[in-house]
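Numbering (the working numbering), first residue to last: 543 to 1133. Backbone N, C-alpha and C fix where the C-beta goes; we use that ideal spot for every residue, glycine too. In this text, all values refer to a predicted model and were calculated from it rather than measured experimentally. Here the structure comes first, spelled out in structure tokens, and everything after it is commentary.
Structure representation (structure tokens):
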């Protein structure tokens, strides 16, 4: 093997020895595959069928191509008769000293002279001496050794900078695809396969081949997989085409045919309920409206399935001119929400502003201003209030979203200690919710989202009253929120309600009730296996004891939270636990 150090540190002597060895074994692909050079980064660009798990044959063939490239580089000018083309004896380059190194390596190793061509009583050396006019065997071997060293130097440069990667890849693609030139149907089938840049179903390829009237598609596919143009896996169900080969073949397909293929693939993935793949093919078919609607319909499902990165990437491929203003705005609204989820506040604002440039629909404008208000809460509260006001003026008074805007604006007023304004917004939100419930045919079947919104408004009112030391009202609102969540059966939100109650009781000095509420929250987090929130709950439980002056019990809870935080790598919780422990020890006069 090549010594275990970075490629640019490989000495020229080591490379020269390796090159000498592989030239002597040029015609044994298996032997070449066992060379350290065949397992180096030098051959990586040439592994166009499969660079992840290439066969020994593919590594050997790649090394042969690499040697051909390097030897060809020795030629001082254009080669009239390249490798594979017979070189006539009257070619003047035979006897040109500038061509000797190329000639020696080509006709001694890559395309060795046939014994029938040997001069009388001679072999390779004597024959090449006669053909080149080199004066002696010593001069011949010196020229050969210099040629091998020059090849090694070129490979060393390639190891360092990889400048010839594209050229080598093109050589490999040309070599690999040459056998398919004898079969138009195999080329067509591979062209269909190039529609996909990831793993795809075998049955889909055969279905598309049938649509294009390719005869004996199954036999052709067997031939392609046997030659490893396509890799088959998962019990023969799925196929894969290497990215290098896929891009090369795809770029050579007729545009009209490519579009039809993508539409066929999109239709298949729609039936398989794979919206991301369906949308990708619709985008590549330039059916942008259909792609957008596919993604928008599947947004909630994809978010719940934790495919937010993939969804955002797909939505980010759209441009405003490809969609109607309404659809473009809907796309940007989802992008904004996803950017916020990822903590990319500036990108979220940019998405909103891009949508505002094209939409004139008041409701959409309201949704955008509402989001901009939320995004500005931490950077500029007054500007956030301005955006909330613009959102309120954009929505119809009966629009359900008004409740959410009032709830969010009420929270902001609460944070600013503007109690009257917070009270007005939150009570108006509560009244609107009650009014909306009254218009429903079956109030008992309120959607979960509405129930949670109702509970969130009650939570905000509870915090508003606790901030003003109005404890009975705060506990009343907190319990009402908890009961709503109990009825909805959302255990995570129920645990958060218990956590809120625990914090409220702690501020009231009600130790027993506070600990009991935190115990309920901890049990629910354990049931949900939500260790992060469980760690936070243990810290909150510790604060209850700490506030009551019971430092030892507080420290026990802090240690429980610290252990979980360290296991999960929750730096913020770990820092909080250490700070609280330090404070408790100090209060006890301990270090």
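Simplified DSSP state of residue 1104, which is helix, strand or coil: helix
So, helix, strand or coil for residue 775, using DSSP? strand
Evaluate residue 823 with the Cβ neighbour count: other Cβ atoms within 10 Å of its Cβ, from every protein chain shown; 16 or more gives buried, anything less gives exposed. buried
Of the residues 592, 627 and 689, the one placed nearest residue 714, counting alpha carbons only: 592
Under the rule that 16 or more other beta-carbon atoms within 10 Å means buried, what is residue 1111, buried or exposed? exposed
With distance defined between alpha-carbon atoms, name the residue in 700, 813 and 664 nearest to residue 557. 700
Just the C-alpha distance for residue 939 and residue 820, rounded to the nearest angstrom, thanks. Roughly 38 Å separates the two Cα atoms.
For residue 1120, does the count of other Cβ atoms within 10 angstroms reach 16, so buried, or fall short, so exposed? exposed
Provide the residue span of the alpha helix (DSSP H) that contains residue 875, from first to last. 867 to 883
Comparing alpha-carbon positions, which option in 674, 1024, 662 and 1031 lies nearest residue 1040? 1024
Leaving out the 5 sequence neighbours to the left and right, which residues in its chain are closer than 7 Å to residue 667 when beta-carbon positions are compared? 679 and 682
Local conformation of residue 1123 per DSSP, three classes: Under the three-state reduction of DSSP output, residue 1123 falls in the helix class.
Residue 780: first and last residue of the uninterrupted beta strand (DSSP E) it sits in: 780 to 782
Taking buried to mean at least 16 other C-beta atoms within 10 Å of its own C-beta, is residue 566 buried or exposed? exposed
With a threshold of 16 other CB atoms inside 10 Å of the CB of residue 548, please say whether the residue is buried or exposed. With a pLDDT of 49 at residue 548, under the threshold of 50, the predicted position of this residue should be treated as unreliable, though the coordinate-derived value follows. By the 10 Å Cβ count, residue 548 comes out exposed.
Using a threshold of 8 Å, state whether the C-beta atoms of residue 618 and residue 640 are closer than that. yes
Relative to the C-alpha of residue 883, which residue among 898, 845 and 825 is closest? 845
Any idea if residue 950 is buried or exposed, counting beta-carbon neighbours within 10 angstroms, 16 or more meaning buried? buried
With DSSP as the reference, please indicate the residues paired to residue 742 in a beta bridge. 781
DSSP on residue 845, reduced to helix/strand/coil? helix
State whether the region 942 to 949 contacts the region 971 to 979, with contact taken as three or more CB pairs (one from each stretch) at a distance under 8 Å. yes
Does DSSP classify residue 556 as helix, strand or coil? helix
Taking all protein chains shown into account, do 16 or more other C-beta atoms lie within 10 angstroms of the C-beta of residue 705, making it buried, or fewer, making it exposed? exposed
Closest by CA to residue 606, which one among 717, 555, 758 and 645? 717
Judging by CA-CA distance, which residue of 861, 793 and 849 is the nearest neighbour of residue 825? When only C-alpha atoms are compared, the closest one is 861.
Return the CA-CA distance between residue 733 and residue 807, expressed in angstroms with no decimal places. 14 Å
Quick one: using the 10 Å Cβ neighbour count with 16 as the cut-off for buried, is residue 692 buried or exposed? buried
Express the C-alpha separation of residue 582 and residue 545 in angstroms, rounding to a whole number. Summary for residue 545: the model assigns pLDDT 49, below 50, so the residue's position carries little reliability; its value from the coordinates is reported in the next sentence. Rounded to whole angstroms, residue 545 to residue 582 spans 11 Å at the Cα level.
Would you mind sorting residue 1075 into buried or exposed? The rule is 16 or more other CB atoms within 10 Å of its CB. Counting Cβ neighbours within 10 Å, residue 1075 comes out buried, since at least 16 surround it.
In or out: residue 881 buried (at least 16 other Cβ within 10 Å) or exposed? Counting the other CB atoms within 10 Å of its CB gives residue 881 a total of 16 or more, which places it among the buried residues.
Say whether the region 1080 to 1092 touches the region 1048 to 1064, bearing in mind that this needs 3 or more beta-carbon pairs closer than 8 Å, one atom from each stretch. yes
Report the three-state DSSP secondary structure of residue 770 (helix, strand or coil). In this structure, residue 770 counts as coil in the three-state DSSP scheme.
Between residue 736 and residue 791, is the Cβ-Cβ spacing less than 8 Å? yes
Applying the 10 Å Cβ sphere with the 16-neighbour rule, what's the burial state of residue 1047? buried
Can you look up residue 1001 in the DSSP assignment and give me helix, strand or coil? helix
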